[in-house]
Amino acid sequence: MVLRKMEEYLNSLRENDKHKEVYYRGKKIRSFLEHPTLNIAAKHTAKLFEFPDRGYYDETMNEEISKYFKVPRNSDDLLNRHTLIYNNTVFCKGVFNISQAIGSDALFSLMIVSKIVDRKLNTNYYEKVQNYYKYVAKNDLALAVAQTDVKGDRSKRPSEQDDPYLYLKVSEVKKDGIVVNGAKAHTTQSAVAEELIVLPTRAMKEGEELYSVAFSIPTNTKGLKFIIRPIEELEGNTSSIISKEDYEFETLTIFENVFVPWERVFLFKEYNFSGYLANLFATFHRFTAISYRSALTDLYLGTTSLLAKANGIENEKHVRDDILNIILYKEIMRMSAIVSALKNNYQENIAIPNPIYTNIGKLYSNENFIKVVASLIDVAGGIIATLPSEEDLNNDELKAYMEKFLKGKYSGKERIKLLKLAKELASSSFTGYLLTLMLHAEGSMEASKIGLIREYNLKDVETFVENILK
Ligand SMILES: Cc1cc2nc3c(=O)[nH]c(=O)nc-3n(C[C@H](O)[C@H](O)[C@H](O)COP(=O)(O)OP(=O)(O)OC[C@H]3O[C@@H](n4cnc5c(N)ncnc54)[C@H](O)[C@@H]3O)c2cc1C
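When you read off a place in the sequence shown, starting at 1, and then add 47, the result is the number in my numbering.
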């Protein structure tokens, strides 16, 4: 089966639901599609399968598969991947559609690292990764990736924690596979994915062999529990425009005696490679991040520009500065993705986004998204915090007052529509969620700084200055 339709994915979800252990607001979920809030997250993933022109003919598989699974071999492949993620985000109203993007980010990093480990240690991981990749691509599956461990006391290493399972750990080695215990945090769209790829979150050292593990499992594997965050941007927000059609959730993902067969284990005990795998995945995934973030910014830019006109202030200098601030943000995201693709690193026959430009884009995004939100708030005015409710806006008696008193240069009706969107983007629980996401998702700022300084060539500039001082 290749290139599924939306309905095929939804049917697979219906089937999977029966065996999955998912909790939402204290209750066990029987069916995503019948749940008034969670069905939207499922339909959001389903949109992946409706995205136009999403396939390509893969010669090695002799089949048409999703473009997300196209292994990047050169700059053009990475540029096309950036465009794919950007366009797919626009297709979902500015909301990232993570499943095959994060899944392929993980697969590409596993392909590279497994080859290196095999060569050095005479293991057979690459063959297993390849088999899994083919299985996933041929079945056009939706994936999630659980990398971030819950981590306990951040000043302590995995092996030093009071509880040994604050980083996911192998608790038993069997003839036919391993058993793992622990928990991963913030796993996006996990419970609507069909497969979960698990990666180590950091470098490990001798004595931490049992934490040095990578594998994949179906999301309905026994012992796997998903606890979904509350979807506050939608529930109780009747005026929501974006989230009522597209949003993504995260889970606290608990592994209780989860069995993983050997053919699904891609790293086990090779602690020297754990950090490299974690970083390589982070580089691929941050390239994905700067690609979708430039598309998300379109929402802010378009809304700010239209609201400036609706308020009659589009020619004011400070408003132009607000709009320029958002343009700067968007285009720095886009530029860093393009340069990362053009100046890629190449390893094991795979093109890797340039980690310096990827991390620069990611860090800029972390530090400046809050200013994008501030620019929209500045142009929109305080009304986005105090706008009457959707129920009042739709009340037959009150509607005329609303439209009369909330008019600007645009009519009340037109301006209210824009204000509702601006409220969702800049003055709602969705904003709070996004501010955290833009700071932490795809790795904290410190993680990007470490990645950037490690890769940066300071030697050349030191020599340059030393030569001047001679
Ligand atoms: C919306 C969202 C979606 C996400 N989706 C996914 C996903 O799909 N899969 C996935 O695996 N992860 C996902 N993440 C996780 C994301 O990568 C992490 O949030 C990020 O790596 C930060 O980790 P943390 O949340 O545990 O924060 P922490 O690590 O607790 O960070 C808090 C602070 O502590 C600092 N800190 C932590 N450890 C140390 C240390 N040892 N020394 C010094 N300072 C330290 C950090 O730099 C930071 O300043 C997602 C996160 C968000 C917010």
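C-beta: ideal position from N, C-alpha, C; glycine also.
Using a Cβ distance threshold of 8 angstroms, Phe296 and Val260 do not count as a contacting pair. By the neighbour-count criterion, in which a residue is buried when 16 or more other Cβ atoms sit within 10 angstroms of its Cβ, Tyr294 is buried. In this structure, the alpha-carbon of Lys216 lies about 6 angstroms from that of Leu257.
A distance of 8 angstroms or more separates the beta carbons of Lys185 and Tyr173.
In chain order, Phe96, Asp187 place their CB closer than 6 angstroms to the CB of Arg51, counting only its own chain and leaving out the 5 sequence neighbours on each side. Sequence-distant Cβ neighbours of Ser476 in its own chain, meaning closer than 6 angstroms and more than five residues away, are Glu279, Glu280. Look at the beta carbons and you see the stretch 480-487 not touching the stretch 371-386: under three pairs across the two are nearer than 8 angstroms. As for any beta strand (DSSP E) of minimum length 3 sitting wholly inside the stretch 181-230, the runs are 190-193, 216-220, ordered along the chain. Gln208 has its CB no nearer than 7 angstroms to any heavy atom of ligand 1.
The three-state reading of DSSP puts Val312 in strand, counting E and B together.
Bridge pairing for Leu243: Ala191, Ile264 [DSSP]. The stretch 405-425 makes contact with the stretch 363-376, as at least three CB pairs between them are under 8 angstroms.
Gln177 sits in a helix when the DSSP states are folded into three classes. Per DSSP, Asp105 is one residue of the beta strand (DSSP E) stretching across 102-105. Short of 6 angstroms from the beta carbon of Ser495, and not among the five residues preceding or following it, lie these beta carbons of its own chain, in chain order: Asn406, Lys409, Leu410. Using a cutoff of 7 angstroms, the CB of Lys198 counts as near ligand 1, since one of the ligand's heavy atoms is closer than that. In the three-state reduction of the DSSP assignment, Gln394 falls in the strand class.
Beta-bridge pairing by DSSP links Tyr71 to Lys74, Ile275. Residue range 110-113 is occupied by the beta strand (DSSP E) that includes Glu111.
Taking all protein chains shown into account, Thr136 has 16 or more neighbouring C-beta atoms within 10 Å of its C-beta and is therefore buried.
Considering only Gln177, Ser458, Leu125, the residue with the shortest C-alpha distance to Met108 is Gln177. Per DSSP, Lys454 lies in no alpha helix (DSSP H) segment and is marked neither H nor E. Comparing alpha-carbon positions, the option among Asp210, Cys139, Lys460, Met449 lying closest to Glu292 turns out to be Cys139. Between Val160 and Phe320, the CB-CB gap stays under 8 angstroms. Proximity to Trp309 across Ile87, Asp100, Tyr179, Lys67 peaks at Tyr179, based on C-alpha coordinates. For Met251, there is no enclosing alpha helix (DSSP H), as DSSP marks it with neither H nor E.
Burial check for Pro205: the Cβ neighbour count within 10 Å reaches 16 or more, so the residue is buried. In the structure shown, the three-state DSSP call for Ala384 is helix. Assigned with DSSP and collapsed to three states, Leu281 falls in coil, not helix or strand. Under the DSSP assignment, Lys90 falls in the alpha helix (DSSP H) whose first and last residues are 85-93.
Glu241 counts as buried, since at least 16 other C-beta atoms from the protein chains shown sit within 10 angstroms of its C-beta.
At a Cβ-Cβ threshold of 8 angstroms, Ile225 and Val192 do not count as neighbours.
Collapsing the DSSP output to three states places His66 in coil. Here the distance from the Cβ of Arg501 to the nearest heavy atom of ligand 1 is not below 7 angstroms.
Taken from the Cβ of Ile515, every heavy atom of ligand 1 lies 7 angstroms or farther away.
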